[in-house]
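Written out below as structure tokens is the structure these notes cover.
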Amino acid sequence: MGITVYYTDFKAGVLKKTGGTLDLALDQEGFFKVQTPKGPRYTRNGNFRLNTDKNW
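Under this note's numbering, the first residue of the sequence shown is numbered 42, with each subsequent residue one higher.
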């Protein structure tokens with residue numbers, strides 16, 4: 042039986058243009074706070090879209 046180590050790398054990757062008018066990028070530490078049906082969540086994914094009600 043060995044030891045399992047889990048590691049999450051939050052370093053910023055290479056910034057690139059996506060063409061998405063609502064796409065954002067983080068070039069430093071931090072997270073976007075997004076509201077979900079289960080309450081607020083935090084993400085580094087800046088691929089945002091509007092739903093049919095024009096909400097994020």
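Every residue, glycine too, gets a C-beta built ideally from N, C-alpha and C.
Reference residue i, options the options, closest by Cα
i	options	result
LEU2	ASN86, LYS95 and ASN96	The chain is shown only over 42 to 97; residue 2 falls outside these bounds and no answer can be derived.
PHE54	ASP68, GLY43, THR45 and VAL46	It should be pointed out that residue 54 corresponds to Gly in this sequence rather than to Phe. Of the listed residues, the one whose Cα sits closest to GLY54 is ASP68.
GLN76	THR45, LEU91 and ILE44	LEU91
PHE89	PRO78, PRO81, THR62 and GLU70	THR62
Spatial distance of residue i from residue j (CA atoms)
i	j	result
ASP64	LYS58	9 angstroms
PRO81	ASN96	15 angstroms
GLY60	ALA66	13 angstroms
GLY71	ASP50	12 angstroms
Enclosing beta strand (DSSP E) for residue i [first to last residue]
i	result
VAL75	73-77
THR84	80-84
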